[in-house]
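**Q** Take a look at the following structure, please.
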Amino acid sequence: MRWKALLIFGIVFLVLVIVPESQGVSARDSPQLYSLYIDWLQGKPVGLLNVNIKIQESLEDPVVLIVDYTDKARPRVVYSRKGYEALEASLKIPRIPVKVVRDVTKEGIQEKTLFKPRTYVVIVSGKNKWDARILRITPERPVTRATIRMSLSPAPSFPKPKYSSAVYEHEYLGEDDAYVNVAKVYSVQGIRVAWHMPLYGTVGIDSFKKSWMTNDRWVKLGVEYPISYVDRQITAEDGGAKTVKAHVYYRCDKYTTCGNIWCNEGYIMTPVRINGFYSSSASNPLGGAHPSSAYVEYVREEDEYDNYFQVAADNYANDGGRYLTTPSISLTFGAGPVSISFSGSIDSYRSSDSEHPRPYFDVWIKTWKNHRLYYWWMKESPARVSNKATYEVGFSWS
């Protein structure tokens, strides 16, 4: 039976050592790449993420954390290192195929696999300095490279407990909810319009960061995309208008990073989910005539529409612009001496997550006021027309 054991050893040695080495993947040269190669041989959907972290300031005893926020309800630290070499981060990440799309090109029909986007929060700290950034990537290639620039701010440190050797500690401080303005719905006489958020859809909303003892000054971390757990319509008709409010739940996490003799604390506040949508009355800026633009479209009475149509985006859209602001929001996380509060305004954005459904508009024609109903995507006002699909929609009979 000894020859069987030797045979098994030889096969394992061939697969795990000889084959990778023959293709230039060495455990000596790159442990991460070697580990990734072994995962590929086993059919695991993984990739490698290399992050080059740029800092302009001098930093004493630097520490780097990378937290995976792709699962918004369960963030987890996937990288923690000390020293300047930690600024060149390398880690394995999942590459999860979502769907296959087909593009028509001169060469024919080309198929492309779309992968699940991933969201990370990168935290860099040093003695009396701290910063955090959102890093959002789509791992289309087996190896993904990203550069992120940090601008560290003063952040008072406190002495590290002598008994502790930890690089970091994580504490979940709980959730609180707010009502955030995310859309507007306009109508004209004779029609009913509904802003429709499908189940598991999303919109762009602010996330925030705050370092320890910075006078409760929260700073925007970036745009996040909380998932809607309801299928909901907000309707306006016959010249009415509505503002759509999302019932958003935020979570707050505290990350304590520690160097050799010091520790810093920082807080990350992110929108996790949307549990409902509500509305309030709004002014209607629509005039009597449609703007002059190639992006203005129309439906005709003589065409067969069953007096219903949708206005929706064909592709992912994002102009990077702030959309609506909700002022005077107060949130509290935790309890007693470990609680922390947020007070300020929260913005929504003209952007949508490429993975999840986007909101769209349902339009019903109750009474034809003319032979054509015009419609267009609005940008800032009815006179500004956009071909993007993340704004309110204007209507006119002439």
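All letters in the sequence shown, in the order written, are residues 1006 to 1403 by the numbering used here.
Beta carbons are placed, not taken as given, at the ideal position from N, Cα and C, and that holds for glycine.
Quick caveat, the model's predicted, so the values are computed rather than measured.
Which residues bound the beta strand (DSSP E) around Gly-1113?
**A** Residue 1113 sits at position 108 when you count from the first residue of the sequence shown. First-last of the beta strand (DSSP E) with Gly-1113: 1113 to 1120.
**Q** Exposed or buried, what is Ala-1388 when buried is set at 16 or more other beta-carbons lying within 10 Å of its beta-carbon?
**A** On the sequence shown, residue 1388 is found 383 positions in, with the first residue counted as 1. Ala-1388 should be labelled exposed.
**Q** Going by DSSP, what residues sit across from Leu-1140 in a beta bridge?
**A** Start at 1 with the first residue of the sequence shown, and residue 1140 comes out as number 135. Paired residues: Tyr-1125.
**Q** Taking the Cβ atom as the reference point for each residue, do Leu-1178 and Ile-1345 lie within a distance shorter than 8 Å?
**A** In the sequence shown, counting from the first residue as 1, residue 1178 sits at position 173. In the sequence shown, counting from the first residue as 1, residue 1345 sits at position 340. Yes, they are a contact pair.
**Q** Should Ser-1356 and Leu-1329 be called a contact, given that it needs their Cβ atoms to be closer than 8 Å?
**A** Within the sequence shown, numbered from 1, the residue matching residue 1356 stands at position 351. Within the sequence shown, numbered from 1, the residue matching residue 1329 stands at position 324. No; because the gap between Cβ atoms is not below 8 Å, this pair is not in contact.
**Q** Of all the alpha helix (DSSP H) runs that stay within the bounds of the segment 1336 to 1390, which reach a length of 4 or more residues?
**A** The qualifying runs do not exist here; there are none.
**Q** Roughly how many whole angstroms lie between the Cα atoms of Gly-1264 and Val-1148?
**A** Along the sequence shown, one-based indexing puts residue 1264 at 259. Along the sequence shown, one-based indexing puts residue 1148 at 143. For Gly-1264 and Val-1148, the distance between alpha carbons rounds to 30 Å.
**Q** If you draw a straight line from the alpha carbon of Leu-1012 to that of Val-1051, how long is it in whole angstroms?
**A** The residue labelled residue 1012 in the question sits at position 7 within the sequence shown. The residue labelled residue 1051 in the question sits at position 46 within the sequence shown. Residue confidence for Leu-1012 is low, a pLDDT of 40 falling below 50, so the modelled location carries little weight and cannot support an answer.
**Q** Would you mind sorting Pro-1164 into buried or exposed? The rule is 16 or more other CB atoms within 10 Å of its CB.
**A** Taking the first residue of the sequence shown as 1, we reach residue 1164 at position 159. The residue is exposed, with fewer than 16 neighbouring Cβ atoms inside 10 Å.
**Q** Assuming contact is defined by CB atoms lying nearer than 8 Å, are Thr-1152 and Thr-1075 in contact in what I supplied?
**A** For the purposes of this step, residue 1152 is identified with residue 147 of the sequence shown, where counting begins at 1. For the purposes of this step, residue 1075 is identified with residue 70 of the sequence shown, where counting begins at 1. For Thr-1152 and Thr-1075, no; Cβs fall outside 8 Å.
**Q** So, using beta-carbon positions, are Ile-1196 and Phe-1366 closer together than 8 Å?
**A** Taking the first residue of the sequence shown as position 1, residue 1196 is located at position 191. Taking the first residue of the sequence shown as position 1, residue 1366 is located at position 361. Taking 8 Å as the Cβ cut-off, Ile-1196 and Phe-1366 do not qualify as a contacting pair.
**Q** Are the C-beta atoms of Asn-1057 and some chain C residue less than 8 Å apart?
**A** In the structure shown, chain C cannot be found, because there is only a single protein chain.
**Q** If you run the structure through DSSP and keep just helix, strand and coil, what is Leu-1291?
**A** Start at 1 with the first residue of the sequence shown, and residue 1291 comes out as number 286. The answer is coil: DSSP assigns Leu-1291 none of H, G, I, E or B.
**Q** Give every residue of the same chain whose Cβ lies closer than 6 Å to the Cβ of Pro-1276, excluding the five residues on either side of it in the sequence, and list them in chain order.
**A** Residue mapping note: residue 1276 aligns to position 271 of the sequence shown, counting from 1. If we look at Pro-1276 and ignore the five residues flanking it on each side, its Cβ neighbours are Ile-1210, Glu-1229, Pro-1231, Val-1253, Tyr-1255.
**Q** Kindly indicate which three-state DSSP category Asp-1157 falls into: helix, strand or coil?
**A** Against the sequence shown, residue 1157 aligns to sequence position 152. The sequence given here has Leu at residue 1157, not Asp. Reduced to three states, the DSSP call for Leu-1157 is coil.
**Q** Could you please give me the residues that DSSP links to Pro-1276 through a beta bridge?
**A** Looking up residue 1276 in the sequence shown gives position 271. According to DSSP, Pro-1276 bridges with Tyr-1255.
**Q** Classify Tyr-1409 as buried or exposed, calling it buried when 16 or more other Cβ atoms lie within 10 Å of its own Cβ.
**A** Since the first residue shown for the chain is 1006 and the last is 1403, residue 1409 is missing from the structure and cannot be characterised.
**Q** Which same chain residues, not among the five before or five after Lys-1371, have their C-beta less than 7 Å away from its C-beta?
**A** The count along the sequence shown starts at 1 and reaches residue 1371 at position 366. Cβ neighbours of Lys-1371 beyond the five flanking positions: Gly-1195, Ile-1196, Arg-1197.
**Q** Just the C-alpha distance for Gly-1029 and Tyr-1089, rounded to the nearest angstrom, thanks.
**A** Along the sequence shown, read from residue 1 onward, the residue named residue 1029 stands at position 24. Along the sequence shown, read from residue 1 onward, the residue named residue 1089 stands at position 84. Here Gly-1029 scores only 38 on pLDDT, less than 50, and its place in the model should not be relied on; the value that follows carries that caveat. Going from the Cα of Gly-1029 to the Cα of Tyr-1089 covers about 27 Å.
**Q** Considering only the alpha carbon of each residue, which of Phe-1282, Val-1172, Glu-1306 lies closest to Lys-1374?
**A** Here residue 1374 refers to the residue found at position 369 when the sequence shown is read from its first residue. When only C-alpha atoms are compared, the closest one is Glu-1306.
**Q** Tell me which residues share the same chain as Ile-1266 and place their Cβ nearer than 6 Å to its Cβ, disregarding the 5 neighbours each side in the sequence.
**A** Along the sequence shown, one-based indexing puts residue 1266 at 261. Result list for Ile-1266: Lys-1165, in chain order.
**Q** Let me know the secondary structure DSSP gives Tyr-1089 once reduced to three states.
**A** Here residue 1089 is taken as the residue at index 84 of the sequence shown, counted from 1. In the structure shown, Tyr-1089 sits in a helix (DSSP, three-state: H, G or I).
**Q** So what's Lys-1132 in DSSP terms, helix, strand or just coil?
**A** In the sequence shown, residue 1132 corresponds to position 127, counting from 1. DSSP places Lys-1132 in coil when its eight states are reduced to three.
**Q** For a test of the three-state rule: what should DSSP assign to Lys-1247, helix, strand or coil?
**A** Here residue 1247 refers to the residue found at position 242 when the sequence shown is read from its first residue. Here Lys-1247 sits in strand by DSSP.
**Q** Taking its Cβ as the centre, do 16 or more other Cβ atoms sit within 10 Å of Arg-1150, making it buried, or is it exposed?
**A** For the purposes of this step, residue 1150 is taken as the residue at position 145 of the sequence shown. Arg-1150 comes out exposed.
**Q** If we count the other Cβ atoms within 10 Å of its Cβ and call it buried at 16 or more, is Arg-1278 buried or exposed?
**A** By 1-based counting over the sequence shown, the position of residue 1278 is 273. That one is buried.
**Q** Run the CB neighbour count on Val-1103, radius 10 Å, all protein chains shown included, and call it buried at 16 or more, exposed below.
**A** For this step, residue 1103 is matched to residue 98 along the sequence shown. That one is exposed.
**Q** Taking the beta strand (DSSP E) that Gly-1195 belongs to, which residues open and close that run?
**A** Residue 1195 sits at position 190 when you count from the first residue of the sequence shown. No beta strand (DSSP E) contains Gly-1195, which DSSP labels as neither H nor E.
**Q** By alpha-carbon positions, which one of Glu-1360, Asn-1133, Gln-1315, Val-1190 ends up nearest to Val-1407?
**A** Because the chain in this structure spans residues 1006 to 1403, residue 1407 falls outside the shown range and cannot be described.
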